[in-house]
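Asker: In this text, residue positions in the sequence shown follow our numbering: the first is 501, and each later residue adds one. Positions of the beta carbon are idealized from the N, C-alpha and C atoms, including for glycine. Keep in mind that this is a model prediction, so the values were computed, not measured.
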Amino acid sequence: MKIISVDGIVISSTPFKESSKIINIFTKDMGIIGCIAKGSKSLKSKLRLPSEKFAYGTFHMYYKDNGLSTLIDGDIKNHFINIKSDIIKISYLTYICELASNVFKESNDNEVYNLMEQAILKIEDGLDPKIITNVLELQYLQYLGINLNLDNCVKCGSSKIVTLSLSKGGYVCNNCRTNEPLLDEKVLKLLRLYYYVDISKISNLDIDKDVSDMINTIIDEYYEQYSGVYLKSKKILKDLT
Ligand SMILES: [Zn+2]
C-alpha cells in the first residue's frame with residue numbers, strides 16, 4: 501500500500517459498522533476510488549467532514565489497487581454552502597454527480613470529471629442550475645457516444661439549417677427535414693453555444709425562460725430516447741422543478 505493524495509468529490513457515503521463509513525470518491529485523475537473512513541461517524545473525527553457526501557477537496561489515503569483504500573485525511577476546498585442551502589440546487593448536485601459517474605464508467609475519460617467540477621462550481625457561484633446542467637448534459641453526449649452534429653445539416657452538410665432532428669442526430673436543412681417540428685432560431689443557436697462553451701468561462705446567463713425551457717425539454721427527450729442512462733436522481737429533479 502502506498503500513500504497518495506488526490507483531488508475529488510465524494511459521490512456516495514455509506515455507514516459501515518458502528519463508527520465508520522465507506523465512501524466512493526470520484527477523483528480528478530484516478531477514476532472512482534472506494535475508501536474506508538474509519539471512525540468517521542464520531543463528531544471528533546478529522547474524517548467526519550471529508551467522508552460526507554459531496555465533500556470536495558484533496559483526499560489523502562493508503563491506496564489499494566484492488567479493494568478498499570483507507571482514508572487518512574482530507575482538505576475541503578469548497579463547502580458548497582450556497583448549493584447546500586437550497587433543496588433544488590442539492591437535487592441538481594445529486595443528479596450531476598450521478599450522471600458524471602455514469603458517463604465516466606462509459607468512457608473512462610478524465611475530462612468527464614473536469615466538466616462536472618466546472619459545472620458544480622458555477623452552480624455554487626449562483627448561475628442557473630438548470631442551464632448549467634443542460635450545458636453539461638450536451639457536452640457529455642460525445643462521451644456517451646451519441647454526439648449530435650450541431651455544426652451543419654447532419655444529412656447533406658448545408659449550413660442553412662432549419663431545425664434539429666433527434667432521430668437523425670443533429671441539425672437538418674429544409675431539404676433534409678422530414679416531419680421534425682421547426683425550432684426557434686434562438687433555440688438552435690443556443691444549443692450550439694451550450695455545446696461548445698467553456699463552462700469555466702461562463703459568467704452570466706441572459707437567456708429567456710421559454711428558450712431555456714425548450715432546450716431543457718429537447719435534451720431530456722434525447723437522453724430518454726438515446727442515452728440508455730436512467731437515473732433516479734433525474735426523476736426526483738423532474739418532480740421538483
Ligand atoms: Zn440537408
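Under 8 Å: does the beta carbon of Lys541 sit that close to some heavy atom of ligand 1?
Answerer: Using a cutoff of 8 Å, the CB of Lys541 does not count as near ligand 1, since none of the ligand's heavy atoms is closer than that.
Asker: With distances taken between CB atoms, is the gap from Gly670 to Asp684 smaller than 9 Å?
Answerer: no
Asker: Which residues mark the beginning and the end of the alpha helix (DSSP H) in which Ala619 is found?
Answerer: Glu611 to Glu624
Asker: Among residues of its own chain, excluding the 5 on either side of Ser665, which ones have a beta-carbon nearer than 6 Å to its beta-carbon?
Answerer: Val672 and Glu680
Asker: When the Cβ atoms of the region 632-649 are set against those of the region 595-614, are three or more pairs found closer than 8 Å?
Answerer: Pairwise C-beta distances place the region 632-649 in contact with the region 595-614, as three or more of them are shorter than 8 Å.
Asker: Which same chain residues, not among the five before or five after Phe604, have their C-beta less than 6 Å away from its C-beta?
Answerer: Val612
Asker: Closest to Ala619 by C-alpha separation, out of Thr558, Asp609, Ala600 and Asn647, would be which residue?
Answerer: Ala600
Asker: Going by C-alpha distance, which of Leu690, Arg692, Ser659 and Val687 is nearest Cys676?
Answerer: Ranked by Cα distance from Cys676, the options Leu690, Arg692, Ser659 and Val687 are led by Ser659.
Asker: Just to confirm, is the Cβ distance from Tyr592 to Pro550 under 9 Å?
Answerer: no
Asker: Pull every residue with its beta-carbon under 6 Å away from any heavy atom of ligand 1, and keep them in chain order.
Answerer: Cys653, Lys655, Cys656, Ser658, Val672, Cys673, Asn675 and Cys676
Asker: Using the rule of at least 16 other Cβ atoms within 10 Å of the residue's Cβ for burial, across every protein chain shown, is Tyr694 buried or exposed?
Answerer: buried
Asker: Please report the straight-line C-alpha distance between Gly567 and Gly534, rounded to a whole angstrom.
Answerer: Computed Cα separation, rounded: 7 Å.
Asker: For a minimum of 3 consecutive residues, which ranges assigned as the beta strand (DSSP E) are wholly contained in the region 543-598?
Answerer: 556-563 and 569-576
Asker: Do Lys528 and Asn608 have their C-beta atoms within less than 9 Å of each other?
Answerer: Using a Cβ distance threshold of 9 Å, Lys528 and Asn608 do not count as a contacting pair.
Asker: At which residues does the beta strand (DSSP E) containing Pro515 begin and terminate?
Answerer: In the DSSP assignment, Pro515 falls within the unbroken beta strand (DSSP E) covering Lys502 to Phe516.
Asker: So, for Ser712: in the same chain, excluding its five sequence neighbours on each side, which residues have a beta-carbon less than 6 Å away from its beta-carbon?
Answerer: Residues Ile631 of the same chain have their beta carbon placed closer than 6 Å to that of Ser712, with the five preceding and five following residues left out of the count.
Asker: Less than 9 Å between the C-beta atoms of Lys538 and Ser519, yes or no?
Answerer: yes
Asker: Return the Cβ separation of Val697 and Met714 in integer angstroms, given the expectation that the two are a contact with Cβ distance under 8 Å.
Answerer: About 18 Å separates the two Cβ atoms, so there is no contact after all.
Asker: Please determine, among Ser542, Leu543 and Pro515, the residue with the shortest C-alpha to C-alpha distance to Ile757.
Answerer: In the structure displayed, the chain extends from 501 to 741; residue 757 sits before or after that span and is not available.
Asker: Count the other CB atoms, across all protein chains shown, that sit within 10 Å of the CB of Met616; report buried if there are 16 or more and exposed otherwise.
Answerer: buried
Asker: Among residues of its own chain, excluding the 5 on either side of Glu606, which ones have a beta-carbon nearer than 8 Å to its beta-carbon?
Answerer: Tyr643, Leu644 and Gly645
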